[in-house]
Amino acid sequence: MKILLTPMSCLFLLTSCKYNTEQKALLSKIENSKSEIFEENFENVITETFAKDDLAELSSNQNAKIAIYFYEILLKRYPTEAYHIFLKNINNTEKIVISTSYDTLQEMTVSEAMLYYATLKNNVFSQKQLDVISDKIILDLDNKKHLSGHLTLYLDNNKENPKPKYYSILRAEIQKKIPDNYYNNITLLTYFSNYNKPEDVKLITECLENSIYREPTYFNSAIEFINHSPKPEYFKILENYYDRKINGKKFRADDIFFELELFTKAVSKYKNEEGKKLLDKLIKKTSYFSEGSFLAPNEQIFLILESEDKTNFFSDEKTILSKQINKTVIDTIKNYNKRWN
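52 is the number of the first residue of the sequence shown in my numbering; add one for each residue after it.
Set out below in C-alpha cells:
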C-alpha cells in the first residue's frame, strides 16, 4: 500500500528529524491541534522538553500551526527573542486561523499572527522596534499587503503626527483608489490628510466620493471623516449623498436609534447658509419611521444640535424644534444614550 504525503507533511518530517521520539510525539500533537495542547500542563511539558533554541527554531517552522504555537510560548518565556523571529518571518504569508477573543476566530498570515500576539496581546516590542517594523511595512508597501491589518492600527494610532518619509508612498497608495484596504481607505486617508497639504484636498475629495456609497449611512467611515474634518470642499459630497441616498427614502428615528445621526452631525459642522439648507431638508423634507416607543426625528436632531452647535449658529432651527419636541421623549433618549455610552 502506498502512503501519500502532502508537501506540508514532508516539510514537517524533514524539520523534525533532529528531534527525539518524545519531542516528535509532542510536535505531532501540536500539528493535529488536540485541545490538550492549550492546557497549562502541556505547555510546561513543552518548555521542559524543548530548549530555548528549539523554541526559537520551531517558531519559524514551515508548519503554520507549529510556528505560531511555539512563538506564543517564546513570547511568554523569552520575549526578547520574539522581535528577531518576527523579522525572520515578516514575509511569511502562510495562513492560519487564530482565536482573537473568547468567541472570535480570524484567519491571518503567520506574520500577522506574530504581530498580533507580540503587540496587541502581549506588548513586548519596544517603540524603537515598532518603528523599524513600520518602516519595513510602509517603505515596502507593495510587498507587505499581507500586514495591512497592523498597518491600519499604526495609521490610526499615529494619525496626529504623520511621518514625512511616508508621504510619497502613502499618496501613491491612495491614488490607486483600491476599495476595502485600511477600512475602506479612510484610516489611510485620515493619516494622509494630516500632512495638511492643500494640493492633496482634491485627491482626498475624490477618495471620499468613491467610498461614501459603500457603507450604510449610520455607520459610514467617509461621513465620519467629514464629520471630523469638515473642509468646504467636502460639503458637496454630503449634498450629493443626500440627493442620491436620503431624499425620497424613509429612515428610522425613534427613542432608541437615529439612522441619520452621523450624517446630521456632519452637516452641523458646516455653519453657513448651505449647511442650514441641508439641515432644513433633514428636518422638514425627510421621512422617518419608528421601531421604538416613539417617533422622534425632531428630538434626535434637537439633541444633536444642542451637543454639536456650541456657537449657536443654528439657533433658529433649535428654536423651531424646541416648540415641536416632547420632553418625555427627550428624557427617554437622554437616559438611553447615557446608559449605553
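All C-beta atoms in this analysis are idealised placements derived from N, C-alpha and C, irrespective of residue type, glycine included.
Sequence-distant residues of its chain with Cβ nearer than 7 angstroms to residue i (five each side left out)
{"i": "Phe93", "result": "Glu87"}
{"i": "Lys261", "result": "What sits at residue 261 in the sequence shown is Asn, not Lys. Within the same chain, Asn261 has close Cβ partners Lys228."}
{"i": "Tyr217", "result": "Ile189"}
{"i": "Ser177", "result": "none"}
{"i": "Glu342", "result": "Arg303 and Asp305"}
{"i": "Lys332", "result": "Tyr293"}
{"i": "Ile352", "result": "Thr315, Leu333, Ile334 and Leu372"}
{"i": "Asn271", "result": "Ile263 and Leu313"}
{"i": "Asn71", "result": "none"}
Nearest-angstrom Cβ-Cβ length linking residue i and residue j, presumed shorter than 8 angstroms
{"i": "Asn174", "j": "Lys210", "result": "Their Cβ separation, rounded to whole angstroms, is 20 angstroms, which puts Asn174 and Lys210 out of contact at 8 angstroms."}
{"i": "Ala40", "j": "Leu125", "result": "Residue 40 lies beyond the residue range present for the chain, which begins at 52 and ends at 392; the question has no answer from this structure."}
{"i": "Asn377", "j": "Glu357", "result": "Going by Cβ atoms, the distance from Asn377 to Glu357 rounds to 15 angstroms, so no, they are not a contact pair."}
{"i": "Ile38", "j": "Phe276", "result": "Because the chain here runs from 52 to 392, residue 38 falls outside it and cannot be looked at."}
{"i": "Ile8", "j": "Lys196", "result": "In the structure as shown, the chain begins at 52 and stops at 392. Residue 8 is therefore absent and cannot be evaluated."}
{"i": "Lys139", "j": "Ser111", "result": "6 angstroms"}
{"i": "Pro281", "j": "Lys253", "result": "In fact, because the Cβ distance is near 17 angstroms, the residues do not count as touching under 8 angstroms."}
{"i": "Glu368", "j": "Leu330", "result": "6 angstroms"}
{"i": "Tyr242", "j": "Pro213", "result": "5 angstroms"}
{"i": "Lys146", "j": "Thr160", "result": "6 angstroms"}
For residue i, three-class secondary structure by DSSP
{"i": "Val252", "result": "helix"}
{"i": "Ser111", "result": "coil"}
{"i": "Tyr246", "result": "coil"}
{"i": "Asn386", "result": "helix"}
{"i": "Lys15", "result": "This structure cannot speak to residue 15, because the chain is shown only from 52 to 392."}
{"i": "Leu64", "result": "With a pLDDT of 47 at Leu64, under the threshold of 50, the predicted position of this residue should be treated as unreliable, and no value is reported."}
{"i": "Asp305", "result": "strand"}
{"i": "Asn392", "result": "coil"}
{"i": "Leu190", "result": "coil"}
{"i": "Ser152", "result": "strand"}
{"i": "Ile376", "result": "coil"}
{"i": "Tyr70", "result": "coil"}
{"i": "Tyr339", "result": "strand"}
{"i": "Ile136", "result": "helix"}
{"i": "Lys146", "result": "strand"}
{"i": "Glu211", "result": "coil"}
{"i": "Glu123", "result": "helix"}
{"i": "Pro267", "result": "coil"}
{"i": "Glu158", "result": "strand"}
{"i": "Leu346", "result": "strand"}
{"i": "Ser175", "result": "Contrary to the premise, residue 175 reads as Val rather than Ser in this sequence. Three-state DSSP puts Val175 in coil, outside helix and strand."}
Selection from the options that minimises the alpha carbon distance to residue i
{"i": "Leu240", "options": "Leu202, Phe270 and Thr268", "result": "Leu202"}
{"i": "Val148", "options": "Ser177, Asp207, Lys116 and Glu324", "result": "Lys116"}
{"i": "Asp395", "options": "Glu91, Asn95 and Gln74", "result": "The structure shown does not extend to residue 395, since the chain is modelled only from 52 to 392, so the question has no answer here."}
{"i": "Leu181", "options": "Thr238, Leu206, Asn194 and Glu158", "result": "Leu206"}
{"i": "Glu91", "options": "Thr72, Lys127, Glu82 and Asn112", "result": "Lys127"}
{"i": "Leu171", "options": "Ser150, Gly326, Lys301 and Val318", "result": "Ser150"}
{"i": "Thr268", "options": "Glu312, Gly299 and Glu250", "result": "Glu312"}
{"i": "Ile355", "options": "Pro215, Phe89, Ser373 and Thr315", "result": "Thr315"}
{"i": "Asn247", "options": "Ile263, Arg222, Arg390 and Phe270", "result": "Arg222"}
{"i": "Thr144", "options": "Glu132, His135, Tyr168 and Gln113", "result": "Gln113"}
{"i": "Tyr134", "options": "Val183, Ser152 and Glu158", "result": "Val183"}
{"i": "Glu82", "options": "Glu257, Glu250, Leu109 and Asp251", "result": "Leu109"}
{"i": "Gly299", "options": "Lys374, Asn388, Lys327 and Lys336", "result": "Lys336"}
{"i": "Thr256", "options": "Glu284, Pro249 and Ser79", "result": "Glu284"}
Cβ shell of residue i (< 8 angstroms), same chain only, five flanking positions each side left out
{"i": "Thr100", "result": "Glu73, Gln74 and Leu77"}
{"i": "Asn194", "result": "Asn142"}
{"i": "Thr98", "result": "Leu106, Ile124 and Arg128"}
{"i": "Asn278", "result": "Leu313, Lys316, Ala317 and Lys320"}
{"i": "Lys69", "result": "none"}
{"i": "Ile136", "result": "Ala107, Ser110, Ser111, Tyr122, Leu125 and Met165"}
{"i": "Ser152", "result": "none"}
{"i": "Val380", "result": "Asp306, Phe345, Ala347 and Glu350"}
Contacting residues, own chain, Cβ-Cβ under 6 angstroms from residue i (five flanking each side not counted)
{"i": "Met52", "result": "Low confidence applies to Met52: its pLDDT is 40, below 50, so where it sits in the model is not reliable enough to give any reading."}
{"i": "Tyr339", "result": "Phe302, Ala304 and Pro348"}
{"i": "Ala273", "result": "Leu259, Ser262 and Ile263"}
{"i": "Thr383", "result": "Asp306"}
{"i": "Glu158", "result": "Lys146 and Val148"}
CB contact below 7 angstroms: residue i versus chain D
{"i": "Thr155", "result": "Considering every chain present, this structure includes no chain D. It has just one protein chain."}
Counting pairs of beta carbons, one from the region 336-353 and one from the region 300-315, are three or more of them closer than 8 angstroms?
Contact holds: three or more Cβ-Cβ distances are below 8 angstroms.
Can you find at least 3 beta carbon pairs, one from the region 359-369 and one from the region 288-302, that sit closer than 8 angstroms?
Judged by Cβ distances under 8 angstroms, the region 359-369 makes no contact with the region 288-302, as fewer than three pairs qualify.
Would you be able to state if there are at least three C-beta pairs under 8 angstroms between the region 163-183 and the region 119-139?
Judged by Cβ distances under 8 angstroms, the region 119-139 makes contact with the region 163-183, as three or more pairs qualify.
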